[in-house]
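Residue numbers for the sequence shown follow the working numbering, beginning at 137 and rising by one. Here a beta-carbon is modelled for each residue, glycine too, at the ideal position from N, C-alpha and C. Note sheet for the following structure.
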Amino acid sequence: MPSEIFSQNTSKTIELMLQHRSIRQFIDKEISTLDLEQLILAGQAAASSSFIQAYSVIRVTDKDVRAQIAEAAGGQKWINEAPEFLVYCADLKRIELACIEQGEGKLEGHTEHFLAATVDVALFAQNVLLAAESIGLGGVYIGGIRNNPQLLADLLDLPDQVYPAFGMCLGWPAIDPEVKPRFPVASVLHQEKYQIDNVEADVAAYDDQMKEYYESRDSNTRLSDWSTQTAKAVQLKKREHMLDFLQQRGLLKC
Ligand SMILES: Cc1cc2nc3c(=O)[nH]c(=O)nc-3n(C[C@H](O)[C@H](O)[C@H](O)COP(=O)(O)O)c2cc1C
137 MPSEIFSQNT
147 SKTIELMLQH
157 RSIRQFIDKE
167 ISTLDLEQLI
177 LAGQAAASSS
187 FIQAYSVIRV
197 TDKDVRAQIA
207 EAAGGQKWIN
217 EAPEFLVYCA
227 DLKRIELACI
237 EQGEGKLEGH
247 TEHFLAATVD
257 VALFAQNVLL
267 AAESIGLGGV
277 YIGGIRNNPQ
287 LLADLLDLPD
297 QVYPAFGMCL
307 GWPAIDPEVK
317 PRFPVASVLH
327 QEKYQIDNVE
337 ADVAAYDDQM
347 KEYYESRDSN
357 TRLSDWSTQT
367 AKAVQLKKRE
377 HMLDFLQQRG
387 LLKC
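Okay, structure coming up:
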């Protein structure tokens with residue numbers, strides 16, 4: 137049982153969630169169509185903002201298309217190798233059709249609609265991943281597709297009002313990496329008001345913990361900590377093309 141469990145009131149679901157780790161190496165075994173469709177069904181069971189269900193997912197099997205996506209995502213070879221590669225799209229197309237049919241007019245690119253669709257697709261995807269993990273599969277999200285979202289839009293024939301938010305590799309794990317420690321609950325769970333005074337010390341303490349984790353983990357050991365990793369990840373991945381790209385798709389205009 138993961139060490140984080142501290143309440144007697146636990147469940148197999150919570151235990152499963154606490155065992156999550158991204159999987160980037162897979163055995164050579166496919167995921168059956170029935171299994172995949174059931175995972176998508178589980179994804180669709182997620183809550184949805186005003187029940188708009190603003191998501192679509194594209195299953196990509198074509199090797200050449202996968203290779204182009206893998207390269208655009210910075211050479212992530214697991215995109216080529218995974219038994220399944222899915223591209224999750226925030227999708228306001230169906231919603232726009234409903235609005236037009238109801239005489240409510242076309243969508244105008246409101247930030248609120250973009251946020252609702254982006255939250256919807258993330259909840260959907262996380263349900264898929266958790267369902268996958270519950271049957272022994274593993275996977276990893278691929279935000280790297282946003283390096284070149286126009287390539288994805290072209291390769292996948294995405295209409296306007298639809299954007300590729302992230303990908304996901306899925307398959308049967310070939311490895312069993314360690315679980316990465318998260319911030320302590322107390323750093324994330326604020327009581328009544330945002331506790332700004334604690335933030336600096338919380339980050340310093342977590343950096344110490346992550347430094348130890350990175351130094352001692354089984355593979356890919358490194359001298360680093362959370363702040364170092366995060367600063368690099370955020371500041372070297374600004375993807376400044378995103379606003380133009382989204383606006384060209386009719387999103388984020390007002
Ligand atoms: C939206 C999103 C995008 C991500 N993009 C990538 C990616 O492009 N490549 C990758 O290897 N991991 C990617 N990850 C996985 C994260 O690096 C990983 O979840 C994080 O380091 C925590 O590790 P864990 O999932 O093993 O607990 C992504 C995760 C999320 C949620």
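Secondary structure note for E220: its beta strand (DSSP E) is the uninterrupted segment E220 to D227. As a beta-bridge residue in DSSP terms, P309 pairs with F162.
Relative to L306, the option among Q327, A268 and D312 whose CA is nearest is A268. For P300 against P285, the beta-carbon gap comes to about 6 Å, under 8 Å, which counts as contact. The shortest C-alpha to C-alpha distance from F260 to any of A322, Y191 and S143 is the one to Y191. Under DSSP, R195 shares a beta bridge with L222.
Taken through DSSP and simplified to helix, strand or coil, P285 comes out as helix. In this structure, F319 keeps its C-beta atom at 8 Å or more from the C-beta atom of D333.
Distance from the CA atom of Q204 to the CA atom of D227, rounded to whole angstroms, is 23 Å. Secondary structure at G179: helix, using DSSP grouped into helix, strand and coil. Sequence-distant Cβ neighbours of G241 in its own chain, meaning closer than 7 Å and more than five residues away, are C235. Between the stretch 218-227 and the stretch 178-194 there are three or more inter-stretch CB-CB distances shorter than 8 Å, so the stretches are counted as touching.
Under the DSSP assignment, I278 falls in the beta strand (DSSP E) whose first and last residues are G274 to I278. Non-local C-beta neighbours of V201 in its own chain, meaning closer than 7 Å and more than five positions away in sequence, comprise L291, ordered along the chain.
By the neighbour-count criterion, in which a residue is buried when 16 or more other Cβ atoms sit within 10 angstroms of its Cβ, V370 is exposed. Bounds of any alpha helix (DSSP H) do not take in E328, whose DSSP letter is neither H nor E. If you look at N216, you'll find it in the alpha helix (DSSP H) that goes W214 to E217.
Between the alpha carbons of G275 and Q238 lies a gap of roughly 40 Å. Straight-line measurement puts the Cα of I231 at about 15 Å from the Cα of V255. Counting only the Cα atoms, H249 lies some 11 Å from S186. In chain order, P313 and E314 place their CB closer than 8 Å to the CB of D354, counting only its own chain and leaving out the 5 sequence neighbours on each side.
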